[in-house]
Amino acid sequence: MPAQRIVEFDTWRAGYQGAAVHIRKAGLTDLAAVYMDEALTAAAANPQILIPRTDPDGTQYGKFAVPLYTVDDYYLDMTPAGPTGVQRVPLTSLDGGEASGALVTSAGGTVARALAARAADIVHALDHGALDETSTAANTNTLQAAIGVAAARGAGAVHVPPGTYRINALSVPQGVVLTGAGRGASVLVSQLADAVVTVTGDQAGLADLTLDGVNLVTGGVGVVSDSVSGLILRRVGLRRFDVALRHRGGFDHRYEDLVLSACGAGARFLGEDHDGAGTTFTGLRWTGGRVETTTQGAAILFEAVDRPVDHNTLAHVEILDNVGPEGIKLVGAQFTTLERCAWEGNVNILSVTDGTHPELTDREVLSLRVLGGGMADGAVTLDGLCQDVVLESVEIVGVDFVMTTPAHNVLLKNCTEYGATVSGSEPRKLTRFRDINRGGVVGITTDGTPEVAWTLALKPGEVVHLEVRATARALNNATECAAYHLEQAARRPGSTLTYDNRTQAFSVGATLQGADSRATAAIVAVSESGTTGTLTLHDVDGAFQDNEIIAEVGGEAGGGAGDGAGGSAQVNGALDHAPVALMGAKVSHMARTNGTASAWGGVAIGASAHEIQVTVDGDADDAVEWRVETRVVL
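Residues 11 to 644 (the numbering used here) make up the sequence shown, in order.
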C-alpha cells in the first residue's frame, strides 16, 4: 500500500500549541501506524504532542516536529478540539480488482462520486468499440453505439479520437454533437453514393472533424437534414463529395469556421417540401470558413423550391477558385445578408434570379445586402425582381455586372471599383451612390476675398454634374441674407502618354499596363506615326515610368499569355495630365434681401488644376456665415 502524508499539522496552526493529536484508523478508535519517512521504516509516536511557538503579539501555534506518514485511512482526534474528517489513501493500483463503485472526489471538489459515474460524464467512442483505419462496418457500429448512449441521456458530445476512420452512414439525433480532436485530426472517410451523416434532430451536428468523400462519388452527400432546427457545424471540413451539404428547411442553424473543398457542389439550402416534411429555410448564421474548388454546381445555393428561403446571413466566408456555374446563387431567396465575404478566382461570383414554383407566392428575390468585403474577377448576374439589392462598401475588381432583366435598380453604394464593367440588356439599372458626394459645410467670411468651401479631385476622363445649394446670413446685422442654387458640368480630359519603339499596334478600349510600375489605364485614343505615338488614357491607376515597357493586358507586359498579340511599346517621357475644365453654361438662381447683401460676391463653381471647386465670397463690411451643400453625379 502506498504511504500518504499526514498534512494537517505540517505547518504552524494557531491555537494548537502543545496539543495531543491521536491519529486513529478511519471508522475505528484504534491508533494508526505512523512513520517519520515515506518508506515506512522509522516508526513515530502516536499520539503526537505538537511543538509550540509564540509570536511577539502573543499568538500561540503548534505543528508536528517532523513529517509523518501512514498507510491507513485516518482521522485526527485532538484534545481538546475533537476529531477531524476522514482522509483516505489515494487509489493507485487495483491488482485486477473491480473499482467502478469506488468513490472519488475531484481536486477542489466537495462531492465524492463513483468512478463509473465520473467516467460516463463524457461519451468516448472508444468506450463502445474499436476504431481503426480499415474496419468500415465496425467503425460505423462503434460510433453509432456511442451516439445512441448520448441520445439516451437527452444530449451530449460524442468524442472521436485523432485518426482516419472509414465509415458507412451515420445518424445524429437531437442534442448530439459528434466531436473530433480537430478539423484534419479526426477524419471520417466514406464513399457512399448517398448521405453520409444525416442529422435527424434539433440542436445536433458535428464539431472539430473532417468528413472525406474521397472521389466525388455520384450521389454522395456529406451532411443532410430535413426540417431540423439549430443544426451545428463548428470547425468542420467537408471535402470531395458530390454535394457537401444539403439542408431542406429548418431554423436558426449555426455554422462556425466551416470549410467545404473540392466538391462537385458546395452547400444547398433549400426551402422544399420533401416527402411532406419540408419547411421554410430561415435563420442561418454562417460565420467564418470558406468554400473552395467546387467544380459542377453552385458553391452556395439558397433556393426557394416550393417553400420560402429567408433571413439568412453569411459573415466572413470566402468563396475561392470555384469553376462551377455559380459562386453564391440565390433563387427566390429573400432578406439575405452577405457580410464581409470575399470572392476570388471564381468563374461566377454571384447569381440572383426568381423562383419558378407556381404555388409559392414568396418566390422573388427581395432584399439582398452585400456589406463590405471584396469581389475580384468574375461575373455578377442579376435577373428577376431584384428588389432592394444593395452592394455597400465593397471592393470590386474586374467584375462584369450582367444585368439580364432586373425589374428594379441595383445599387452600388460607397463601393470602390477597379475595372468593373456592365453588360446585359438592362445596364442602366446598375446605379451608383456615394455618401461622400453629398454633404454640407459651414464657414464664415469677413472680407471680399473668395474662400474655397468645397473641392473634388477628378480622375482623367471623369465627367461630373455639380449641384450647389447655399445660404448666407450676416452676423453683424439682423436683416441681410441670401440663398443660392447653382448647377454646372465639368470634365477632366484624358491624360496623354507618348511612346516609341512600338512593336505591336495599340487598340482603343484595351487596358494598358506598365511592366515595371504595374500602373494601369484604359486606352481611349491612339495617335501614332510609325513606331512612335501618343495614347490618351482614362481611369489611370498608378504612375507610368519613363522608358518602361507598356503593353495591353494579356500581351507582353500584361501578365497574360505573353505571346505579344496586344499592343506594346516603350514609354517616352512622363504622363501628361490635363486640368479640369468647366462644361457648358452655369445655371444659377439667387434670392437675397436688399442692402449690403447685394454687394456679396456670392457662390461660384470653378476649376483649379485637377479639382473642381465651390467658392464663397462675402464683403469687407460684413461677417457672413455660409452653409454650402454640394451634390455630385459622377
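Where is the CB? At the ideal position from N, CA and C, for every residue including glycine.
### Task
Quick one: using the 10 Å Cβ neighbour count with 16 as the cut-off for buried, is V76 buried or exposed?
Against the sequence shown, residue 76 aligns to sequence position 66. V76 is exposed by the Cβ-count criterion.
### Query
What does a CB cutoff of less than 6 Å around T208 pick up in its chain, not counting 5 residues either side in sequence?
One-based indexing of the sequence shown puts residue 208 at position 198. Only S181 and V234 meet the Cβ criterion.
#### Entry: Sub-7 Å separation of L243 and G232 beta-carbons
Residue 243 sits at position 233 when you count from the first residue of the sequence shown. Residue 232 sits at position 222 when you count from the first residue of the sequence shown. Going by C-beta atoms, L243 is not nearer than 7 Å to G232.
### Query
Considering only the beta carbon of each residue, do D320 and Q344 sit closer than 7 Å?
Numbered from 1 along the sequence shown, position 310 holds the residue referred to as residue 320. Numbered from 1 along the sequence shown, position 334 holds the residue referred to as residue 344. Yes; because the gap between Cβ atoms is below 7 Å, this pair is in contact.
### Query
What number of angstroms, rounded off, separates the C-alpha of T146 from the C-alpha of L268?
Translated into positions along the sequence shown, residue 146 becomes position 136. Translated into positions along the sequence shown, residue 268 becomes position 258. When rounded, the distance between both Cα atoms is 25 Å.
### Task
Check N511 in the structure and name its three-state DSSP category.
The count along the sequence shown starts at 1 and reaches residue 511 at position 501. N511 falls in the strand class under three-state DSSP.
### Task
Specify whether the region 520-527 and the region 490-505 touch according to this definition: at least 3 beta carbon pairs, one from each stretch, less than 8 Å apart.
no
### Where V159 falls: helix, strand or coil (DSSP)
The count along the sequence shown starts at 1 and reaches residue 159 at position 149. The answer is helix: DSSP assigns V159 an H, G or I state.
### Residue range of the beta strand (DSSP E) that includes C425
On the sequence shown, residue 425 is found 415 positions in, with the first residue counted as 1. Premise fails: C425 is in no beta strand (DSSP E) and is neither H nor E.
### Query
Which term fits T64, buried or exposed, when burial requires 16 or more other beta carbons within 10 angstroms of its beta carbon?
As a working note, residue 64 is residue 54 in the sequence shown. Exposure of T64 is indicated by the presence of fewer than 16 other C-beta atoms within 10 angstroms of its C-beta.
### Message
How far does the beta strand (DSSP E) with G298 in it extend, from its first residue to its last?
### Response
Start at 1 with the first residue of the sequence shown, and residue 298 comes out as number 288. Residues R295 to E302.
### Query
When the Cα atoms are used, what is the spatial distance from N356 to F443?
Here residue 356 is taken as the residue at index 346 of the sequence shown, counted from 1. Here residue 443 is taken as the residue at index 433 of the sequence shown, counted from 1. Counting only the Cα atoms, F443 lies some 26 Å from N356.
### Query
Who are the Cβ neighbours of H548 in its own chain at under 6 Å, not counting the five residues just before and after it?
Position 538 of the sequence shown, counting from 1, holds the residue named residue 548. Correct list, in chain order: P470, G471, G504, A532 and V534.
#### Entry: Residues that DSSP places opposite P600 in a beta bridge
As a working mapping, residue 600 is identified with position 590 in the sequence shown. A small fix is needed here, since residue 600 is Met in this sequence, not Pro. The partner list for M600 (beta bridge, DSSP) reads Y494.
#### Entry: Through-space distance from T506 to A588, alpha-carbon basis
Translated into the one-based positions of the sequence shown, residue 588 becomes position 578. Translated into the one-based positions of the sequence shown, residue 506 becomes position 496. Each residue's alpha carbon lies about 8 Å from the other.
#### Entry: the region 414-423 / the region 375-393 touching (three or more Cβ pairs under 8 Å)
yes
### Task
Could you check if V462 is buried or exposed, using at least 16 other CB atoms within 10 Å of its CB as the buried criterion?
Position 452 of the sequence shown holds residue 462. Exposed, because fewer than 16 other Cβ atoms sit within 10 Å of the Cβ of V462.
#### Entry: Candidates C273, L585, T625 and Q514, of which the one nearest A553 by Cα
Position 543 of the sequence shown, counting from 1, holds the residue named residue 553. Checking every option, the nearest Cα to that of A553 belongs to L585.
### Task
Would you kindly check if the distance between the Cβ of T489 and the Cβ of T603 is under 7 Å?
Along the sequence shown, read from residue 1 onward, the residue named residue 603 stands at position 593. Along the sequence shown, read from residue 1 onward, the residue named residue 489 stands at position 479. Cβ atoms of T603 and T489: closer than 7 Å.
### Task
Within 10 angstroms of the Cβ of E313, are there 16 or more other Cβ atoms? Answer buried if so, exposed if not.
As a working mapping, residue 313 is identified with position 303 in the sequence shown. It is buried - the Cβ of E313 has at least 16 other Cβ atoms within 10 Å.
### Pair within 7 Å by beta-carbon distance, H599 and H475
Along the sequence shown, read from residue 1 onward, the residue named residue 599 stands at position 589. Along the sequence shown, read from residue 1 onward, the residue named residue 475 stands at position 465. No, these two residues do not count as a Cβ contact at 7 Å.
### Message
Check whether the region 66-86 and the region 15-29 are in contact - that is, three or more C-beta pairs closer than 8 Å.
### Response
yes
### Query
Do you know how far the Cα of P460 is from the Cα of A467?
Against the sequence shown, residue 467 aligns to sequence position 457. Against the sequence shown, residue 460 aligns to sequence position 450. Going from the Cα of A467 to the Cα of P460 covers about 19 Å.
### Message
Does D629 pass the burial test, meaning 16 or more other C-beta atoms within 10 Å, or should it be called exposed?
### Response
Locating residue 629 in the sequence shown gives position 619, counting from the first residue. When all chains shown are included, D629 counts as buried.
#### Entry: Identified DSSP bridge partners for R250
Locating residue 250 in the sequence shown gives position 240, where the first residue counts as 1. Answer is none; R250 lacks a bridge partner.
### Task
Count the other CB atoms, across all protein chains shown, that sit within 10 Å of the CB of I59; report buried if there are 16 or more and exposed otherwise.
Here residue 59 refers to the residue found at position 49 of the sequence shown. The residue is exposed, with fewer than 16 neighbouring Cβ atoms inside 10 Å.
### Query
In this structure, does DSSP put A195 in helix, strand or coil?
The residue you call residue 195 lines up with position 185 of the sequence shown. Here A195 sits in coil by DSSP.
### Message
Can you find the residues in the same chain that come closer than 8 Å, C-beta to C-beta, to T189, ignoring five residues on each side of it along the sequence?
### Response
If you number the sequence shown from 1, residue 189 lands on position 179. Excluding sequence neighbours, T189 sits near A167, V168, H169, V170, L216, A217, D218 and L219.
### Query
Taking DSSP as the reference, what is the three-state secondary structure of I177?
Position 167 of the sequence shown holds residue 177. I177: coil per DSSP, three-state reduction.
### Query
Since G166 sits in a beta bridge, which residues does DSSP pair it with?
Against the sequence shown, residue 166 aligns to sequence position 156. Looking at the DSSP assignment, G166 forms a beta bridge with V186.
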